[in-house]
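So for the sequence shown, our numbering puts the first residue at 216; every next one is plus one.
Every residue, glycine too, gets a C-beta built ideally from N, C-alpha and C.
Because the structure is a prediction, the values reported are computed rather than measured.
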Amino acid sequence: MVETSRDWSEKLPFALWAYRISFRTSTGATSYSLVYGMEAVMPVEIEMRSLRVALEQQISETEWAQSCYDQLSLLDERRLRVADHVQAY
Numbered sequence: 216m217v218e219t220s221r222d223w224s225e226k227l228p229f230a231l232w233a234y235r236i237s238f239r240t241s242t243g244a245t246s247y248s249l250v251y252g253m254e255a256v257m258p259v260e261i262e263m264r265s266l267r268v269a270l271e272q273q274i275s276e277t278e279w280a281q282s283c284y285d286q287l288s289l290l291d292e293r294r295l296r297v298a299d300h301v302q303a304y
């Protein structure tokens, strides 16, 4: 991509995405999470394995299910913290 002031329209979607997923101290959350009720998931951030991958790595179904449950619990806790923070603000 040529760096000129004329190609701003090509860079705008990336700038908007960065702005929307950036943490705001005033709300304690990202703009994206406030609009959609969840954080944006970027491919490099996906940590929850599929059951097939877990089984290939010899993780039992029970451990996999517990891991999923733990991540859901953390998500609920985070949503409650954000809701409290927004109410206090």
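Rounded to whole angstroms, how far is the Cβ of residue i from the Cβ of residue j, which I believe are closer than 8 angstroms?
i: residue 242; j: residue 249; result: 6 angstroms
Quick one: is the Cβ of residue i within less than 8 angstroms of any heavy atom of the ligand NAP?
i: residue 221; result: No copy of the ligand NAP appears in this structure; indeed no ligand is present at all.
Going by C-alpha to C-alpha distance, which of the options sits closest to residue i?
i: residue 252; options: 279, 282, 294 and 221; result: 294
i: residue 254; options: 297, 273 and 303; result: 297
i: residue 300; options: 285, 244 and 256; result: 244
Report task. Jot down the residue ranges of each uninterrupted alpha helix (DSSP H) in the region 228-260, minimum 4 residues, whole runs only, in chain order. Result -> 246-251
Query raised in the report: Does the region 283-290 come close enough to the region 223-240 to have 3 or more Cβ pairs within less than 8 angstroms?
Result: No, the region 283-290 is not in contact with the region 223-240.
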